[in-house]
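Have a look at the structure below, then the notes.
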Amino acid sequence: MRRPNPDAEIGLADLIEAVERLRVRDLALVRKIAEVLQVEALVRKAAPSKQETIRRERNPPPPPPPPPPPVHTPQTEYRPSTISRLQDDTAPAFAAPVPALPPPIDEASEPLPPFEALFLRSWTRAILSMSLATPGEHGPPDLHRIVERISRGQALTRIPRRVVPTLRKGVQLLVDRGSGMVPFTRDADALVREIVLVAGVETPVLHFRGLPSDGVTDLQRKVVLPYEVPPAGVPVALITDFGIGIDPFESDRPGAREWVAFLRSVRRTDSRLIAFVPYPRQRCARSIASLVTIVEWDRRTSLTRIRAALRRGWSGR
Amino acid sequence: MTYNYDRSMFEAPPPPTTLVERSRRDRRDGAVYVWNPDLELAVNIALATERPLLVRGPSGTGKSSLAASLARAKRWRYYEEVVSSTTEARHFLWKFETLKRLSDSQAGGAKTPVHYVEPGVLWWAFDPDSARRRGMDAGALPTLDDPNRFPAGPDARAVVLIDEIDKADPDVPNNLLVPLGSLEFKVTDADDAVVKSSMPPVVVITTNDERELPGAFLRRCVVIKLDPPGREALLGIAAAHFGADADGLYGKVADAMDAVAAAKKARALPPPSTAEFLDAIGTCRDLNVTPGDHPTWTAIERAVFSKPSMQDETTKS
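Put into structure tokens, the structure is as follows:
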């Protein structure tokens, strides 16, 4: 019996093995097996077998059906002018009757297209949990450390616990409502809902334009407040484009320097900063990217990317 | 769609002709399972190539019960491990009862470390004799009971279910590659006892796709995605579980489920699953209720299909 190589990925050998052991003689089924083995590329370009070539020659596929004749609606079709009709025999091709364009669409009455979130739906919860969690000694008792201490004859003054990522510290959420984020309004609203589901209903959601330090709005209480940094250790999550999408001629557009000053003021209190940005990380100013963990708010964002982003964020601290 | 190949390794059993008792309708016992040709083919490919079978798909589509059904049909041994966020790759091989050892040492009855080794599912699958003896020589230790619940011959192969691997730390799948590929591992807590498998087990791994799995792991698995069944298949599944539909109940419940699915889709929520469909039918039969415009059905529909959640509340607000 064959023993698979632990280092070998599935490849042509597996396909041949499956085809042989299952006694497959049908090319379509070989393709299906290749699909299940995720090696479709190996058979996609393969030439058809001799039998299949003969079969194709004997039973050629039927010719495509002729295109349907153009349908003209008598009430709406173009009528040539009197002069054209008089010169009917010599009328040029462009004067032939043509169907009228459909009536204009009333865009206001059109339903919105179905909403598709920027993160892949099935991954959103895991992405947010990993992004917003902070490590802490909140896991189960760390048995190895306990045994080690006792075996050394040391008294246990407290139970050491395993370090696990936790959301128990909550999160402060800052949502950018500036002109650059207008195209992402629905996405931001949906992301806020998801973050509240993950971090808890008590999550403070504060909206701002420009910079949070200019003042934040608590929409639930309908008040504008001066910005206050959360207690030490509570992460701050920003939903923002850091001004990337704002018209560069806009006079009150905050620049990278102002953002850096704000981010530094938050970091002084030992709060971790995470930003969900609807643009590639490379488009953010380097001075900003060095101060905040940037999570690209995109379909391709996966946990692997989040881990890499978090590592970058930690090493930048 | 049927496929033409040699099914001598595995032929999907037909649904049971006699009704399985309600108490035995446990999704882990594999007593009732409706196979389809794609699924049967994927299992055969996994058997032919001796690769793990990764089953993807939303909750309630029958991913977990597939493994038990396969073991029952082939009269093979069956072991399962449900993954959690704290599961480590080593847990599938063995666990070490640190706390028990500490307790024994405090009571003055400490034994050799091997007494505290608990074999994991892969150890049982690879070599049940060695697992019973914790890797030691016969007679050295009291033997353990084999956790296999299914009737199987002494030389029967094993089916191992690793359920919901996407719940584990992202490193866990990659850490499983070597023992799964080489069919061998060393128990460092049991005097480096070597566990080897003479007959490769069939490893069925499920994922709800809540987070992506490492590429290296995916490239070593035979992958099948279970989609929610269509209406006809759904009615067939209900008939396999509850017997023939004498009073048209299954169709009415399916209609009600379709309506809820459409409403949920409009709000970008996942539709009710096959498991919930079966729950609704079971409830209707037990309470003698038919879907319709009356409070009992409304309550069933709300509890089984709609399941108002915190997400609904945040969406409304």
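Protein chains in written order, with the working numbering: chain A, 1 to 317; chain B, 1001 to 1317.
Ideal Cβ positions, reconstructed from N, Cα and C, are used throughout, including at glycine.
Review point. If we ignore side chains and look at the alpha-carbon of each, how far apart do A/H319 and B/S1103 end up?
Key: This structure leaves residue 319 of chain A out entirely; chain A is present only between 1 and 317.
Exercise for review: Find out if the Cβ-Cβ distance for the pair A/I16, A/Q38 is shorter than 8 Å.
Suggested key: no
Point to revise | Start and end residues, beta strand (DSSP E) containing A/H138 | key: T134 to P141
Review point. At a cut of 8 Å, does the region 1191 to 1202 of chain B reach the region 1151 to 1162 of chain B through at least three beta carbon pairs?
Key: yes
Exercise for review: Flag this pair as touching only if the region 1045 to 1057 of chain B and the region 1208 to 1224 of chain B have three or more C-beta atom pairs under 8 Å; answer yes or no.
Suggested key: yes
Practice item. For A/A18, I'd like the list of residues in its chain whose CB is within less than 6 Å of its CB, leaving aside the five on either flank, ordered along the chain. Key: Within the same chain, A/A18 has close Cβ partners I33.
Point to revise | Rounded straight-line distance, which links the Cα of A/V236 to that of A/T269 | key: 11 Å
Review point. Would you call the region 229 to 244 of chain A and the region 153 to 166 of chain A touching, i.e. three or more CB-CB distances under 8 Å?
Key: no
Review point. Hey, quick one: how far does the alpha helix (DSSP H) through B/P1295 stretch, first residue to last?
Key: P1295 to I1300
Review point. Buried or exposed: where does B/L1070 fall if 16 or more other Cβ atoms within 10 Å of its Cβ makes it buried?
Key: buried
Check your understanding: If the cut is a Cβ gap below 7 Å, which residues of chain A does B/N1044 touch?
Key -> L22
Point to revise | Beta-carbon neighbours of B/Y1005, restricted to chain A and to distances below 7 Å | key: L22, R23, V24 and L29
Check your understanding: Using a Cβ-Cβ cut-off of 6 Å (strictly less than) and excluding sequence neighbours within five positions of B/R1320, which residues of its own chain qualify?
Key -> Nothing in the structure corresponds to residue 1320 of chain B, since chain B is present only between 1001 and 1317.
Review point. Mind checking whether A/V205 and B/Y1005 have CB atoms under 8 Å apart?
Key: Not a contact, by the Cβ cut-off of 8 Å.
Exercise for review: Measure the alpha-carbon distance for A/T293 versus B/E1276 and round it to whole angstroms.
Suggested key: 40 Å
Point to revise | Same chain only: Cβ atoms within 7 Å of B/D1192, ignoring 5 sequence neighbours per side | key: K1186
Check your understanding: So, does the CB of A/T217 fall closer than 8 Å to a CB anywhere in chain B?
Key -> no
Review point. If you run the structure through DSSP and keep just helix, strand and coil, what is B/R1220?
Key: coil
Check your understanding: Of all Cβ atoms in chain A, is any one closer than 8 Å to the Cβ of B/V1083?
Key -> no
Point to revise | Residues that B/L1176 contacts on chain A, provided the C-beta gap is smaller than 7 Å | key: What B/L1176 touches in chain A: nothing, since even the nearest Cβ is about 10 Å away.
**Study point:** Segment contact flag, the region 1231 to 1244 of chain B with the region 1076 to 1095 of chain B, C-beta cutoff 8 Å, min 3 pairs
**Key:** No contact exists between the region 1231 to 1244 of chain B and the region 1076 to 1095 of chain B.
Practice item. Let me know if A/S302 comes out buried or exposed under the rule of 16 or more other beta-carbons within 10 Å of its beta-carbon. Key: For A/S302, the number of other beta carbons within 10 angstroms of its own is at least 16, and it is reported as buried.
Practice item. Can you tell me which of A/E228, A/L173 and A/P99 puts its alpha carbon nearest to the alpha carbon of A/L128? Key: Out of A/E228, A/L173 and A/P99, A/L173 has the C-alpha closest to the C-alpha of A/L128.
Practice item. Kindly indicate if chain A contains any beta-carbon less than 8 Å away from that of B/P1308. Key: no
Practice item. Taking only the alpha-carbon atoms, compute the straight-line gap between A/L225 and A/V175 and give it to the nearest angstrom. Key: Cα to Cα, the separation comes out at about 14 Å.
Practice item. List the whole-angstrom C-beta distance separating A/I244 from A/L263, where the pair is believed to meet the contact cut-off of C-beta under 8 Å. Key: In fact, because the Cβ distance is near 15 Å, the residues do not count as touching under 8 Å.
Check your understanding: Grouping DSSP H, G and I as helix and E and B as strand, with all else coil, what is A/P165?
Key -> If DSSP states are grouped into helix, strand and coil, A/P165 belongs with the strands.
Review point. So is B/E1164 buried or exposed if we call it buried at 16+ other beta carbons inside 10 Å?
Key: buried
Point to revise | Residue nearest to B/A1125 in terms of C-alpha spacing, selected from B/A1238, B/T1298, B/N1036 and B/I1162 | key: If we check each option's Cα against that of B/A1125, B/I1162 comes out closest.
**Study point:** Contacting positions in the region 1198 to 1225 of chain B - beta carbon closer than 7 Å to chain A
**Key:** D1209, E1210, R1211, E1212, R1219, R1220, V1222, V1223 and I1224
Review point. Which class does A/L120 belong to by DSSP, given the choice of helix, strand or coil?
Key: coil
Exercise for review: Can you have a look at A/T240 and say buried or exposed, based on whether 16 or more other CB atoms are within 10 angstroms of its CB?
Suggested key: buried
Practice item. Report the rounded CA-to-CA distance for A/D14 versus B/V1172, giving the unit in angstroms. Key: 24 Å
Check your understanding: When DSSP labels each residue in this structure, what does A/I146 get in the three-state scheme?
Key -> helix
Point to revise | Burial state of B/A1299, where buried means 16 or more other Cβ atoms lie within 10 Å | key: exposed
**Study point:** A/E250 beta carbon less than 8 Å from that of A/L211
**Key:** no
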